[in-house]
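A quick write-up on the structure given underneath.
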Amino acid sequence: MLGPLPRSGTAGPSSHGLTLVFVLGDQLTRDLSALNGLAPGDVVLMVEVADETTYVRHHKQKIALVLSAMRHFAAELRAEGITVDYVELDATGNTGAFGTELVRAVARHRPDRIVVTEPGEWRVRRMMDEWPALTGVPVEIRDDDRFLCSRAEFRHWAGDRRSYRMEFFYREMRRRTGILMDGDEPAGGRWNFDAENRKRLPKGMRSPPRPVFERDAITSRVLDLVASRFADHFGDLDAFDWPVTRRDAVNALDWFIAQALPRFGDYQDAMAEDDPRLFHALLSPSLNLGLLTAREVCVAAEQAYRRGDAPLNAAEGFIRQILGWREYVRGVYWLEMPAYAETNALEAERPLPWFYWSGETEMNCLARAIMDTRRHAYAHHIQRLMVTGNFALLAGIRPAEIEEWYLIVYADAYDWVELPNVHGMVAFADGGMLASKPYAASGAYIDRMSDYCGRCVYSPQLKTGKGACPFNLLYWDFLMRNRQKLEQLPRMAMPYRTLDRMDSSHRETIRSEARAFLEGLAEPGTKMHVATQGDLFG
Ligand code: FAD
Ligand code: DLZ
Ligand code: SF4
Numbered sequence: 003m004l005g006p007l008p009r010s011g012t013a014g015p016s017s018h019g020l021t022l023v024f025v026l027g028d029q030l031t032r033d034l035s036a037l038n039g040l041a042p043g044d045v046v047l048m049v050e051v052a053d054e055t056t057y058v059r060h061h062k063q064k065i066a067l068v069l070s071a072m073r074h075f076a077a078e079l080r081a082e083g084i085t086v087d088y089v090e091l092d093a094t095g096n097t098g099a100f101g102t103e104l105v106r107a108v109a110r111h112r113p114d115r116i117v118v119t120e121p122g123e124w125r126v127r128r129m130m131d132e133w134p135a136l137t138g139v140p141v142e143i144r145d146d147d148r149f150l151c152s153r154a155e156f157r158h159w160a161g162d163r164r165s166y167r168m169e170f171f172y173r174e175m176r177r178r179t180g181i182l183m184d185g186d187e188p189a190g191g192r193w194n195f196d197a198e199n200r201k202r203l204p205k206g207m208r209s210p211p212r213p214v215f216e217r218d219a220i221t222s223r224v225l226d227l228v229a230s231r232f233a234d235h236f237g238d239l240d241a242f243d244w245p246v247t248r249r250d251a252v253n254a255l256d257w258f259i260a261q262a263l264p265r266f267g268d269y270q271d272a273m274a275e276d277d278p279r280l281f282h283a284l285l286s287p288s289l290n291l292g293l294l295t296a297r298e299v300c301v302a303a304e305q306a307y308r309r310g311d312a313p314l315n316a317a318e319g320f321i322r323q324i325l326g327w328r329e330y331v332r333g334v335y336w337l338e339m340p341a342y343a344e345t346n347a348l349e350a351e352r353p354l355p356w357f358y359w360s361g362e363t364e365m366n367c368l369a370r371a372i373m374d375t376r377r378h379a380y381a382h383h384i385q386r387l388m389v390t391g392n393f394a395l396l397a398g399i400r401p402a403e404i405e406e407w408y409l410i411v412y413a414d415a416y417d418w419v420e421l422p423n424v425h426g427m428v429a430f431a432d433g434g435m436l437a438s439k440p441y442a443a444s445g446a447y448i449d450r451m452s453d454y455c456g457r458c459v460y461s462p463q464l465k466t467g468k469g470a471c472p473f474n475l476l477y478w479d480f481l482m483r484n485r486q487k488l489e490q491l492p493r494m495a496m497p498y499r500t501l502d503r504m505d506s507s508h509r510e511t512i513r514s515e516a517r518a519f520l521e522g523l524a525e526p527g528t529k530m531h532v533a534t535q536g537d538l539f540g
């Protein structure tokens, strides 16, 4: 059971002299713990720094989103009468790093103390340990209470387990929060509607038009800055259309609940070439920046169900993603880092193929998912997991390279959420700590869930030979290559039984065709060879 836990670091009105409250770019929440108890005369510091915009070469839209949302948040605080010291990226004297910007701000304001909310990432948490010595001022680090499960509560739930299962955690969270519960029982008598939530999109069905978020002067200035300063980063800017304020984000939530949630469950796993976003919420960037809270989003979905505006399989399927998966991966991240990122259980060592950047591959599903990503800094969960992720798993791509790709290309990507999803769910690099089996699938799965295969040069029906879908070859080859590590997993018994029923010459053909395909991925001089990103994405 998740037990009650003490909260540390929440403050009442300040009994200090001047406090410098440092708000990071993904902490744009008015009732952030660090902003709690702000006194007259206190100063909020926000800094745009080169280190954060380039520690990986983020998609242009991600940088624009974070900077525009930061500037809007600062303006909202100022409108309340709060003093905000805001350092723009191009400001004279900007040193480009959190620590040195804090030092400069301390010289400007001479605070008695610095208050900050713990960051989302391990990398930044380590930096914070250095700040007292660096600035000569005590630093109070407060809990991030925007999550429904605190780090300590997750640790308590995890106990001595060496592997965790989302389903059990999720049920505990339902009980503990009361979300979608009727007394002690799950609403509708069932915890899980996954079986109903795997429908293929019927021919002719299209998602409703999405709301458009007008670019104001702040966003336009940021887009110009990003276009000139980060021209060589991956991704297009022209389709930028993300909510940059809480008001926009609430409008996006309202639109989703009214227009898309009713069909979210049924078509949650479907993929459509001409309608890539389907009935998904596109709320992850707003949630991860702090423009929306996890609780309000779950409550809005529950209320739609209670009003009869959305079926239970939709509300449950959606709430499971946030109350379940989102909280779960964050819990695993903080419990297991930093060692978590170092494991490579399947000993995958192949470099990331070049087409992950260019989209130039004849595999239509991959080309579509990558081009959608490049245009929108977005792909939905099944594109990430079962197309780009599945290919990387089957091809044995080095986990660190896949992780970096995912951290770069999505507008919602932050280490705490990207890393467990990629390292654990996609690459199975943690050996099963986060998921009970690798999410590996052949072309048949992609064909069942999408319309990609109809426009592909390969055929999902062909298992070997000319025109055979590479996912088919790679799937069985992956099982053979990793037999020792995977066959003891209960959920892998069936695929291994099927493999064993194949005659040995067929298995040998698969092996040699898969080997040839994988060697082709690395051939220098082909479209697929791996190179540094250079200036190719302008
Ligand atoms: P919807 O499908 O509408 O889902 C609703 C919400 O549920 C999302 O907004 C998100 O907050 C949450 N959610 C759903 N699945 C997950 C999950 N597995 N983990 C955490 N939250 C989840 N999500 C991120 O926010 N940032 C990432 O960097 C990220 N990287 C991912 C990498 C891989 C390989 C995979 C398989 C998944 C990743 N996810 C990530 C989870 C998920 O794909 C995105 O949250 C989702 O696609 C966001 O789009 P949406 O808001 O339309 O989601
Ligand atoms: C992602 C990002 C970017 C691109 N730029 C900034 C920035 O200039 N200033 C800032 O405070 N935060 C930025 N961020 C978000 C941080 O990377 C994020 O706060 C840390 O990763 C901690 O989770
Ligand atoms: Fe992808 Fe294979 Fe279908 Fe082509 S045939 S779209 S490679 S799954």
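According to my numbering, the sequence shown is numbered sequentially starting from 3.
Where a beta carbon is used, it is the ideal one built from N, C-alpha and C, also for glycine.
What did DSSP end up calling residue i once you bin it into helix, strand or coil?
| i | result |
| --- | --- |
| Met339 | coil |
| Arg115 | strand |
| Met129 | helix |
| Glu349 | coil |
| Ser507 | helix |
| Lys529 | Low per-residue confidence applies at Lys529: pLDDT is 41, beneath 50, and the placement is therefore not dependable, though the value from the model is reported in the following sentence. Coil, per DSSP. |
| Ala524 | coil |
| Glu198 | helix |
| Arg376 | helix |
| Asp226 | helix |
| Ser360 | helix |
| Cys367 | helix |
| Gln486 | helix |
| Thr247 | coil |
Please return the same chain residues whose Cβ sits closer than 6 Å to the Cβ of residue i, not counting the five positions on each side in sequence.
| i | result |
| --- | --- |
| Tyr330 | Met168, Phe171 |
| Arg265 | Phe281 |
| Arg73 | Ile220 |
| Ala135 | none |
| Glu351 | Arg400 |
| Trp193 | Arg173 |
| Tyr358 | Trp407 |
| Thr511 | Thr466 |
| Glu515 | Thr466, Leu475 |
| Leu488 | Met494 |
Once the 5 residues before and after residue i are set aside, which same chain residues still bring their CB inside 8 Å of it?
| i | result |
| --- | --- |
| Gln296 | Correcting the residue identity first, residue 296 is Ala in this sequence and not Gln. Excluding residues within five positions, the ones whose Cβ falls inside 8 Å are Arg148, Phe149, Leu150, Leu289, Ile324, Leu325, Arg328, Glu329. |
| Trp257 | Arg212, Pro213 |
| Phe195 | Gly267, Leu314, Asn315, Glu318, Gly319 |
| Val108 | Leu22, Ile116, Thr137, Gly138, Val139 |
If you measure between the beta carbons of residue i and residue j, is that distance less than 7 Å?
| i | j | result |
| --- | --- | --- |
| Ile410 | Arg59 | yes |
| Leu182 | Glu304 | yes |
| Ala379 | Lys64 | yes |
| Phe566 | Lys62 | This structure leaves residue 566 out entirely; the chain is present only between 3 and 540. |
| Ala66 | Phe242 | yes |
| Leu91 | Glu50 | yes |
| Asp453 | Thr345 | no |
| Ile143 | Val118 | yes |
| Arg493 | Ser438 | yes |
| Lys201 | Tyr269 | yes |
| Tyr408 | Val424 | yes |
| Val236 | Leu348 | It is Phe, not Val, that sits at residue 236 in the sequence shown. Contact: no. |
| Ile228 | Ala71 | It should be pointed out that residue 228 corresponds to Val in this sequence rather than to Ile. Contact flag unset, no. |
| Pro113 | Thr31 | no |
| Ala251 | Leu294 | yes |
| Gly469 | Tyr477 | no |
| Tyr335 | Pro422 | yes |
What are the partner residues of residue i, as DSSP defines its beta bridges?
| i | result |
| --- | --- |
| Pro188 | Met183 |
| Thr21 | Arg115 |
| Thr85 | Val45 |
| Val141 | Ile116 |
| Met273 | Ser452 |
| Ala470 | Ser461 |
| Ile399 | Arg352 |
Within its chain, find whatever has a CB closer than 7 Å to the CB of residue i; leave out the 5 residues flanking it on each side and keep chain order.
| i | result |
| --- | --- |
| Val86 | Val46, Met48, Ala76, Leu79, Arg80 |
| Cys300 | Ile181, Ile321, Ile324, Leu325 |
| Arg125 | Asp417 |
| Asn199 | Gly267, Asp268, Gln270, Asp271, Asn315, Gly319 |
| Ala341 | none |
| Gly27 | Glu54, Val68, Met72 |
For ligand 3, which residues count as neighbours when the test is a C-beta closer than 7 Å to any heavy atom?
Met365, Asn366, Cys367, Leu368, Gly445, Ile448, Asp449, Tyr454, Cys455, Cys458, Tyr460, Ser461, Pro462, Cys471, Pro472, Phe473
Give me the pocket residues for ligand 2, defined as CB within less than 5 Å of any heavy atom, sorted by chain position.
Leu26, Gly27, Asp28, Glu50, Val51, Glu54, Thr55, Ile65, Val68, Pro121, Gly122, Glu123, Val126
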